[in-house]
Amino acid sequence: MPTLHELVAYCEERTRRTAFNDAPGAFNGLQLANDGRVTKIGAIVDSGITPFRKAAAAGIDFLIAHHGMYWDMPRPITGPVYDRVSTLMRANCALYSSHLPLDSHPEIGNNALLARQLGLSPATPFMVHDGEPVGWVAAHKASRASLRSQLQKLYPRVTAIEYGSTKPRAIAFCSGSGNSAMRELAAAGVDTLVTGELREEWFNVAQEQKLNLYLCGHYATEVHGVKALAAELSERFGLPWKFIATDNPL
């Protein structure tokens, strides 16, 4: 039976966790341990009492999250915070969090997988900070109408803002929030962005700067990386895995 240490060591190396200077509260890595045994792997986008309860009910004892528990820590372990932690502890379920490392990864990252969903090759780093890309740019040969149609088949809610080229030569990908990506499109020579969500004011910018923006949902664009990492762990260590979905429409 594989140990918690073995799974964590694989995740650390595969995601290159230590290479990333993430948001102060992200706290990538093992956030909560268990007794050291792992029998079933789970994957979630967001930490929360509902996905934790679902994971516990499914018998999961190693849970991978894109958004971990500690964004606003330190906090007293009381109220809803206590409920989250105690749910995992009673279920002997460890929690491993991977934020920017699972946005950036060229093989199992959210942005590379977003591009490959569309049959594109994520070849050019995008939004490079401290030497590491957050997103990717892929060459594109079809029309923006074709791009929109593909995205609408893949995602339940797609907001299309189309003021850029009708046949974009390249697509930038930034899963989750795309607000920081907007300022880097011009430097990357790209007028088309696929992302999760944007603030309201970017609509006017899209008109003025002639951009195509496709908003597919923060949650929906960030399911890919945790699924891919969980599937790799499952294959490598011979353990079952399950994605714990929620009804998050955002």
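Residue 13 is where the sequence shown starts when you use our numbering, and the numbers rise one by one after that. In this text, a Cβ means the ideal position worked out from N, Cα and C, and glycines have one as well.
Closest to residue i by CA distance: which of the options is it?
{"i": "Val-235", "options": "Ser-187, His-17, Glu-24", "result": "Ser-187"}
{"i": "Phe-74", "options": "Leu-42, Val-57, Ile-61, Gly-60", "result": "Leu-42"}
{"i": "Val-202", "options": "Ser-189, Arg-211, Leu-223", "result": "Leu-223"}
{"i": "Glu-220", "options": "Ala-193, Ile-173, Thr-258", "result": "Ile-173"}
{"i": "Ala-182", "options": "Ser-158, Thr-204, Val-170, Val-93", "result": "Thr-204"}
{"i": "Thr-51", "options": "Leu-245, Asn-260, Thr-258", "result": "Leu-245"}
{"i": "Pro-168", "options": "Pro-261, Tyr-82, Leu-132, Asp-115", "result": "Pro-261"}
{"i": "Ala-157", "options": "Val-170, Trp-148, Val-149, Ala-150", "result": "Val-170"}
{"i": "Met-139", "options": "Phe-255, Cys-23, Ala-200, Ile-120", "result": "Ala-200"}
{"i": "Leu-126", "options": "Tyr-82, Ile-72, Gln-162, Lys-153", "result": "Gln-162"}
Output needed for residue i: all residues of its chain with C-beta closer than 8 angstroms, excluding positions within five of it in sequence on either side, in chain order.
{"i": "Asp-84", "result": "Gly-37"}
{"i": "Ser-189", "result": "Thr-207, Gly-208, Glu-209, Leu-210, His-230"}
For residue i, which three-state DSSP category applies?
{"i": "Tyr-226", "result": "strand"}
{"i": "Leu-197", "result": "helix"}
{"i": "Ala-127", "result": "helix"}
{"i": "Phe-39", "result": "coil"}
{"i": "Thr-27", "result": "helix"}
{"i": "His-17", "result": "helix"}
{"i": "Trp-253", "result": "strand"}
{"i": "Ala-172", "result": "strand"}
Taking just the CA atoms, how far does residue j sit from residue i?
{"i": "Arg-311", "j": "His-17", "result": "Coverage of the chain is limited to positions 13 through 262, which leaves residue 311 absent and any answer about it impossible."}
{"i": "Gly-60", "j": "Gly-208", "result": "20 angstroms"}
{"i": "Val-146", "j": "Asn-40", "result": "15 angstroms"}
{"i": "Ile-56", "j": "His-79", "result": "8 angstroms"}
{"i": "Asn-104", "j": "Gly-143", "result": "37 angstroms"}
{"i": "Arg-49", "j": "Ala-21", "result": "14 angstroms"}
{"i": "Ser-155", "j": "Ser-177", "result": "9 angstroms"}
{"i": "Ala-68", "j": "Leu-227", "result": "32 angstroms"}
{"i": "Pro-134", "j": "Leu-197", "result": "16 angstroms"}
{"i": "Pro-180", "j": "Leu-225", "result": "11 angstroms"}
{"i": "Met-194", "j": "Ala-257", "result": "29 angstroms"}
{"i": "Leu-114", "j": "Arg-128", "result": "15 angstroms"}
Between which residues of its own chain and residue i is the CB-CB distance below 6 angstroms, once the five residues before and five after are set aside?
{"i": "His-117", "result": "none"}
{"i": "Ser-110", "result": "Thr-27, Asn-40"}
{"i": "Ser-192", "result": "none"}
{"i": "Arg-87", "result": "Val-93"}
Mind checking who residue i pairs with in its DSSP beta bridge?
{"i": "Glu-209", "result": "Ser-189"}
{"i": "Val-149", "result": "Thr-136, Ala-184"}
{"i": "Lys-239", "result": "According to DSSP, which records beta bridges pairwise, Lys-239 is partnered with nothing at all."}
{"i": "Ala-77", "result": "Ile-56, Ser-109"}
{"i": "Lys-179", "result": "For Lys-179, which the question treats as bridged, DSSP gives no partner whatsoever."}
By Cβ distance below 7 angstroms, which residues in the same chain neighbour residue i in space, the five residues on each side in sequence not counted?
{"i": "Leu-100", "result": "Leu-44, Phe-64, Leu-107"}
{"i": "Asp-95", "result": "Ile-61"}
{"i": "Ala-243", "result": "Trp-253"}
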